[in-house]
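Novice: Questions regarding the structure given below will be posed in turn.
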Ligand code: SAH
Ligand code: SF4
Ligand code: F3S
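In the numbering used here, the protein residues as written are 4 to 443.
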């Protein structure tokens with residue numbers, strides 16, 4: 004094993020990719036790699052890709068083009084593509100960009116050390132299987148390095164829902180949950196390394212059904228078990244499907260002390276016709292019912308959502324229904340997108356709306372969502388929040404952290420350290436953050 008080879012990982016897409024990149028860096032760390040922040044001096048460049056946006060693969064090909072000259076400068080340099088584009092494109096990547104040495108799909112990261120050895124020996128390595136084993140169980144880190152106070156923990160992967168616009172069921176495969184004891188062990192390990200807040204990740208995290216003592220565990224049961232982990236202060240989870248918001252999970256939002264009052268609950272559209280065409284399997288009414296029950300259980304819960312505008316067959320009336328739903332819910336945070344085709348998904352085959360129509364609707368939708376975000380932030384002014392300190396701020400004596408509602412808060416006068424949770428009075432609201440002063 005050669006020591007101190009340099010690894011540059013560039014991560015695209017969702018939090019799950021962020022988590023996967025950390026695991027890959029740790030696994031390659033055991034093979035003698037240390038991370039570097041620039042590709043310039045790297046011995047391995049790994050792109051952890053996302054396939055959710057339009058022309059995602061094309062963008063990766065052009066990104067790869069940027070590294071063409073690098074191999075001339077460092078003949079030992081190896082270039083790899085991981086993530087959802089790797090899964091979708093497979094061997095095609097090596098055909099189009101022969102300088103790529105390694106293509107590895109999200110389900111095969113535990114095989115990375117073996118694949119790395121193969122590319123070091125001068126061969127090409129390709130692995131886009133969907134193996135049975137728990138990849139994270141095999142991706143053990145050697146060094147027990149200290150961690151930042153907030154961490155992701157993947158508990159569930161893949162999706163069986165097949166929304167008509169989405170590539171995830173194809174790139175991440177069928178829904179699989181990790182056994183509860185492994186999740187709990189990993190959580191305790193994270194806490195021992197300085198973590199105070201854990202965000203449980205899954206493409207459909209609330210459909211979690213991992214094996215555990217006494218049979219399969221629900222997400223609510225897992226959250227309650229994590230609530231007993233000493234030293235862990237905050238629990239979050241993302242992303243949830245409205246249909247899997249069970250009574251038990253809603254009740255946890257009301258009663259579980261460490262579960263934070265924030266929920267990302269994508270709805271995509273407020274028109275039942277479009278929801279049906281999207282194969283979302285929920286209606287506007289069932290979504291609003293979940294929201295009402297959540298708010299009854301936890302009145303201050305902050306909701307965030309995902310929206311797609313310009314899905315095939317969306318009329319102005321359908322779009323208005325989405326605006327109405329947004330007005331009814333009031334989101335504190337949201338992500339919104341113009342529909343764009345993904346090859347291989349059902350909606351890609353349907354007649355498409357004009358680009359200008361999509362852009363104009365997206366503008367109106369985002370104006371409404373920003374207004375709501377701003378109003379909710381303003382309503383925080385004067386209130387006391389608890390801030391988990393994550394890093395020093397730009398100004399002297401200032402720290403930045405997250406409130407229980409996931410607002411970024413710049414705090415003065417805390418005297419606290421990274422990882423502390425301090426009480427702060429919110430004094431002002433900026434575009435994407437709040438300012439506050441410590442009250443202790
Ligand atoms: N598992 C999550 C999110 C998956 S992808 C869920 O079920 O909600 C993240 C977001 O990207 C989606 O919520 C959707 O709003 C958006 N998205 C996915 N495919 C898209 C497409 N083809 N066009 C535009 N937006 C898309
Ligand atoms: Fe994609 Fe729908 Fe599954 Fe979410 S629930 S990952 S949008 S198919
Ligand atoms: Fe993108 Fe794959 Fe995540 S397509 S959003 S990186 S699951």
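C-beta: ideal position from N, C-alpha, C; glycine also.
Find the nearest neighbour of residue 319 within the set 356, 422 and 85, judged by alpha-carbon distance.
Specialist: Taking the first residue of the chain shown as position 1, residue 319 is located at position 316. Here the closest residue by C-alpha is 356.
Novice: Give me the pocket residues for the ligand SF4, defined as CB within less than 6 Å of any heavy atom, sorted by chain position.
Specialist: Going by the Cβ distance cut-off, the answer is 162, 164, 165, 166, 169, 171, 172, 206, 207 and 244.
Novice: Leaving out five residues on either side along the sequence, give the residues of the same chain with a beta carbon under 8 Å from the beta carbon of residue 122.
Specialist: For the purposes of this step, residue 122 is identified with residue 119 of the chain shown, where counting begins at 1. Within the same chain, residue 122 has close Cβ partners 81, 83, 104, 105 and 128.
Novice: Using the Cα positions of residue 150 and residue 65, report the straight-line distance between them to the nearest angstrom.
Specialist: For the purposes of this step, residue 150 is taken as residue 147 along the chain shown, with counting starting at 1. For the purposes of this step, residue 65 is taken as residue 62 along the chain shown, with counting starting at 1. C-alpha separation (whole angstroms): 33 Å.
Novice: May I ask which residues mark the beginning and end of the beta strand (DSSP E) holding residue 11?
Specialist: Walking along the chain shown from the start, residue 11 turns up at place 8. Note, residue 11: beta strand (DSSP E), 8-14.
Novice: I want to check one thing, is the minimum distance from the CB of residue 345 to the heavy atoms of the ligand F3S below 7 Å?
Specialist: Residue numbering aside, residue 345 sits at position 342 when the chain shown is read from its first letter. Residue 345 Cβ: outside cutoff for every heavy atom of the ligand F3S.
Novice: Assign residue 203 to one of three DSSP states: helix, strand, or coil.
Specialist: Locating residue 203 in the chain shown gives position 200, counting from the first residue. Residue 203: strand per DSSP, three-state reduction.
Novice: Cutting at 6 Å between CB atoms, please list the residues of its own chain near residue 373, excluding the five before and the five after it.
Specialist: Residue 373 sits at position 370 when you count from the first residue of the chain shown. The answer is none, since no qualifying residue turns up.
Novice: Which residues mark the beginning and the end of the beta strand (DSSP E) in which residue 175 is found?
Specialist: Numbered from 1 along the chain shown, position 172 holds the residue referred to as residue 175. From DSSP, residue 175 is part of no beta strand (DSSP E); its letter is neither H nor E.
Novice: With hydrogens ignored, establish whether the beta-carbon of residue 322 is closer than 7 Å to any heavy atom of the ligand SAH.
Specialist: The residue labelled residue 322 in the question sits at position 319 within the chain shown. Checking the Cβ of residue 322 against the ligand SAH gives no.
Novice: Please classify residue 339 as buried or exposed, where buried requires at least 16 other C-beta atoms within 10 Å of its C-beta.
Specialist: Position 336 of the chain shown holds residue 339. The residue is buried, with at least 16 neighbouring Cβ atoms inside 10 Å.
Novice: Take residue 267 and list the residues in its own chain whose beta-carbon comes closer than 6 Å to its own, dropping the five residues that flank it on each side.
Specialist: Here residue 267 refers to the residue found at position 264 when the chain shown is read from its first residue. Excluding residues within five positions, the ones whose Cβ falls inside 6 Å are 241, 242 and 307.
Novice: Three Cβ pairs or more, each shorter than 8 Å: is that satisfied between the segment 226-240 and the segment 195-207?
Specialist: Verdict: yes, contact present.
Novice: Are the segment 200-211 and the segment 344-363 in contact at 8 Å, needing three or more beta carbon pairs?
Specialist: Judged by Cβ distances under 8 Å, the segment 200-211 makes no contact with the segment 344-363, as fewer than three pairs qualify.
Novice: Closer than 7 Å by C-beta to residue 155: which residues in its own chain qualify, once you throw out the five before and the five after it? Chain order, please.
Specialist: The residue given as residue 155 occupies position 152 in the chain shown. Hits under 7 Å: 18, 21, 22, 202 and 204.
Novice: By the DSSP assignment, the beta strand (DSSP E) with residue 405 in it spans what residues?
Specialist: Stepping through the chain shown from its first residue, residue 405 is reached at position 402. Element bounds for residue 405: 401-405.
Novice: Please list the terminal residues of the continuous alpha helix (DSSP H) segment that includes residue 287.
Specialist: Taking the first residue of the chain shown as position 1, residue 287 is located at position 284. Unbroken alpha helix (DSSP H) run through residue 287: 287-300.
Novice: Please classify residue 209: does DSSP put it in a helix, a strand, or coil?
Specialist: Stepping through the chain shown from its first residue, residue 209 is reached at position 206. Note: residue 209 maps to helix in three-state DSSP.
Novice: Which class does residue 445 belong to by DSSP, given the choice of helix, strand or coil?
Specialist: The question about residue 445 has no answer, for the chain in this structure spans 4 to 443.
Novice: Measure the Cβ-Cβ separation of residue 428 and residue 411 and say whether it is below 8 Å.
Specialist: Start at 1 with the first residue of the chain shown, and residue 428 comes out as number 425. Start at 1 with the first residue of the chain shown, and residue 411 comes out as number 408. No.
Novice: What is the DSSP secondary structure of residue 109, reduced to helix, strand or coil?
Specialist: Start at 1 with the first residue of the chain shown, and residue 109 comes out as number 106. It is helical.
Novice: Using only the alpha-carbon positions, how far apart do residue 256 and residue 394 sit?
Specialist: By 1-based counting over the chain shown, the position of residue 256 is 253. By 1-based counting over the chain shown, the position of residue 394 is 391. Each residue's Cα considered, the two are about 28 Å apart.
Novice: Residue 466: which of 132, 101 and 112 sits nearest, CA to CA?
Specialist: Since the first residue of the chain shown is 4 and the last is 443, residue 466 is not available in this structure.
Novice: Assuming residue 157 and residue 139 are in contact, meaning their beta carbons sit under 8 Å apart, how far apart are those beta carbons, in whole angstroms?
Specialist: By 1-based counting over the chain shown, the position of residue 157 is 154. By 1-based counting over the chain shown, the position of residue 139 is 136. Right, their Cβ atoms sit about 7 Å apart.
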